[in-house]
């Protein structure tokens, strides 16, 4: 069998932007703006086929005399095909897992692809106790083929497609004996994941092409349960010149600060290497707090480079900024009817952040799916008022900045902030070299300046931020503080000179060396006046008396907030802790 599953012939066009009416927080003002259209990226969704009434005689595969094939559903087609191809099992060398190759001539845009299938236990079955027998689900996936006809197991094709084909039968229970809920009737549950999706019907269309090719199954859209149509993944992206990376990262982190100011539930992370940003992202359901549509959707905004930018050519070495719906195949879903609204919101979030970061149309970079500056125009509603929000937010932190640089008992905080001001982004090593402070003391001050109220789990932004990469980098949490720090540091110590800074650093190093009593480890455990450090070394407490869960300790160590050498475990009562292997 052969199929040419073209991606462009029958799919709907991009839904235009414009004056669409989506709910927003009261008082939000918007204005229309036009930029090139961000294309649809990945998509993931599901539907249930009520196809259990189809006769088993339609299945073209011989499953063997001892196997019962009760009906002609898509699930039973996949099951019978698996049995029929048991003599054609190959091993995927990248994962050392068995795969069945169903086809090597499935065409996508005229290019042949392999179709491979695996099986694994599903969450439901029949029987109880020792008589429990689970059903299996079947994963059907496209794989590229090289010029010599070999399957490229480690690669994902540009036009990716995978299906999870799962049973939906009355009387199924899980391993604990509880009934499996079937809200959409009996037949086949299909999960679809694919790329370059502009409309949810593409999920069913592409699934139909694939199962027709490998199973000779004619997918009837009338058998799809309307209520079962859901999606958990939708994405859109643009690519821009890497000269704009820092501006975009700062804009994304400003959004995180504003969301935290509005008491939003927000998860933020960043990744840097050699002082350069590789990734910055926010995930939240509360984008409405920044003026975006209120859709009760968990949405990720992410700027990132490919894993190995030096290994790819232009334009793929340039950064992407992407917005994505972050649902769950088995939980957080939206109905297909909501697709257009979700995609509008995703495009609005991406494009508005471009505007806020001063990324112009000419800064955009085309790639294999995004047209760059010449892509079709897209009009969206751009939220207003961001500058006022930012000014109000950061001005509220300026008094704290002044308090820090005027602390009477130490100038180390002043010197830390001055070093960050001069370098922009620094490592702990640079801070140690230029201030003369001990690593442990500097780390404590940085954490205090990063986390308000000394709470590492707080979403509230601080004066500084830490960026985790191969090592930890320190910078101001916003460019606003670069100017504010200039004013505060110059006002507090207007006559400071590089020579005076160097003298303070040398004095700290000399004082620490004089206090050294045991070994070189003391160099990294002394406070800048020594007394606080000795108290720190003696202040050990049982972990269950501290105001956080013991499980948090590993997280604190992983992100650099706690040194492994500062954690002790009593092993004398637990011989197995001393065991090796």
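Numbering (my numbering), first residue to last: 1 to 581. Don't be surprised by glycine CBs; every beta carbon is placed ideally from N, CA and C.
Limits of the unbroken alpha helix (DSSP H) element including residue 440: From DSSP, the alpha helix (DSSP H) with residue 440 extends over 439-450.
Across which residues does DSSP place residue 583 in a beta bridge pair? Residue 583 is absent from the model: the chain starts at 1 and stops at 581.
Let me check you understand the geometry: is the CB of residue 69 closer than 7 Å to at least one non-hydrogen atom of the ligand MN? This structure lacks the ligand MN; in fact it carries no ligand of any kind.
Kindly provide the ranges of any alpha helix (DSSP H) runs that are 4 or more residues long and lie completely inside the region 198-269, ordered along the chain. Runs found: 201-215, 245-261.
What does the alpha-carbon distance come out to for the pair residue 352 and residue 143? Going by the C-alpha atoms only, they are around 36 Å apart.
Report yes if the C-beta distance between residue 125 and residue 132 is below 8 Å; otherwise report no. Contact: yes.
Mind pulling the alpha helix (DSSP H) runs of 4 or more residues that sit fully within the region 359-437? Uninterrupted alpha helix (DSSP H) stretches at least 4 residues long and entirely within the region 359-437 occur at 386-395, 398-405, 412-423, 428-435, given in chain order.
For residue 48, which residues does DSSP report across the bridge? According to DSSP, residue 48 bridges with 189.
In the DSSP output, what is residue 32 paired with across the bridge? Secondary-structure assignment with DSSP links residue 32 through a beta bridge to 381.
Residue 45, buried or exposed, once every other Cβ within 10 Å from all chains shown has been counted against 16: Classification of residue 45: buried, given that the 10 Å Cβ count is 16 or more.
What number of angstroms, rounded off, separates the C-alpha of residue 145 from the C-alpha of residue 159? Distance between the alpha carbons of residue 145 and residue 159: 13 Å.
Tell me whether residue 488 is buried or exposed, calling it buried when 16 or more other Cβ atoms sit within 10 Å of its Cβ. The residue in question, residue 488, is buried, as its Cβ has 16 or more Cβ neighbours within 10 Å.
When DSSP builds the beta bridges, which residues end up paired with residue 43? DSSP lists 194, 234 as partners of residue 43.
Under the three-state DSSP convention, the category residue 128 falls into: Assignment of residue 128 by DSSP, reduced to helix, strand and coil, places it in the coil class.
Assuming residue 173 is part of the alpha helix (DSSP H), what are its boundary residues? Segment: none, residue 173 is in no alpha helix (DSSP H) and carries neither H nor E.
Please state whether DSSP places residue 473 in a helix, a strand or coil. Residue 473: strand per DSSP, three-state reduction.
Cα-Cα, which of 71, 221, 118 is closest to residue 54? Minimum Cα distance to residue 54 is reached at 71.
Give every residue of the same chain whose Cβ lies closer than 6 Å to the Cβ of residue 523, excluding the five residues on either side of it in the sequence, and list them in chain order. Low local confidence applies: a pLDDT of 44 at residue 523 is under 50, so the model's placement there is unreliable, with the coordinate-based value given in what follows. So no residue of the chain qualifies.
Would you report the Cα separation of residue 568 and residue 293, rounded to the nearest angstrom? Using only the alpha carbons, I get a separation of about 49 Å.
According to DSSP, is residue 144 helix, strand or coil? In the three-state scheme derived from DSSP, where H, G and I count as helix and E and B as strand, residue 144 is classed as strand.
DSSP bridge partner residues for residue 101 (one or two, in chain order): DSSP lists 116 as the bridge partner or partners of residue 101.
Excluding sequence positions up to five away, which residues of its chain have a Cβ less than 6 Å from the Cβ of residue 302? Here the set comprises 281, 322.
Contacts around residue 78, its chain only, beta-carbon distance under 6 Å, and the 5 residues preceding and following it disregarded: Closer than 6 Å at Cβ, skipping near neighbours: 138, 165.
Shortest alpha-carbon distance to residue 153 belongs to which of 200, 90, 21? The option with the nearest alpha carbon to residue 153 is 90.
Anyone know if the C-beta pair for residue 203 and residue 195 falls short of 8 Å? Taking C-beta atoms as the reference points, residue 203 and residue 195 fail to come closer than 8 Å.
As a quick exercise: from 107, 128, 101, pick the residue whose alpha carbon is nearest that of residue 117. Nearest Cα to residue 117 within the set 107, 128, 101: 101.
What would DSSP say about residue 320, mapped onto helix, strand or coil? Residue 320: strand per DSSP, three-state reduction.
Is there contact between the region 176-196 and the region 345-360, where contact requires at least three CB pairs shorter than 8 Å? Taking a cut-off of 8 Å for Cβ pairs, the region 176-196 and the region 345-360 do not touch, as fewer than three such pairs fall below it.
Comparing alpha-carbon positions, which option in 477, 181, 551, 336 lies nearest residue 256? Closest in alpha carbon position to residue 256, among 477, 181, 551, 336, is 477.
Give me the residue from 486, 515, 350, 440 with the minimum Cα distance to residue 34. In terms of Cα proximity to residue 34, the closest of 486, 515, 350, 440 is 350.
For the structure I just gave you, are there three or more beta carbon pairs, one from the region 335-342 and one from the region 230-240, closer than 8 Å? Touching, yes, given that three or more Cβ pairs across the two stretches are closer than 8 Å.
Return helix, strand or coil for residue 496, following the three-state DSSP convention. Coil at residue 496, not helix or strand.
Inspect the CB distances between the region 58-66 and the region 236-252 and report whether three or more fall short of 8 Å. Because the criterion of three Cβ pairs below 8 Å is not met, the region 58-66 and the region 236-252 do not touch.
State the start and end residues of the unbroken beta strand (DSSP E) segment that holds residue 91. That run of the beta strand (DSSP E) goes 89-92.
Per the DSSP calculation, residue 156 is bridged to which residue(s)? Bridge partners of residue 156: none, in fact.
Closer than 7 Å by C-beta to residue 161: which residues in its own chain qualify, once you throw out the five before and the five after it? Chain order, please. Within the same chain, residue 161 has close Cβ partners 142, 194, 206, 210.
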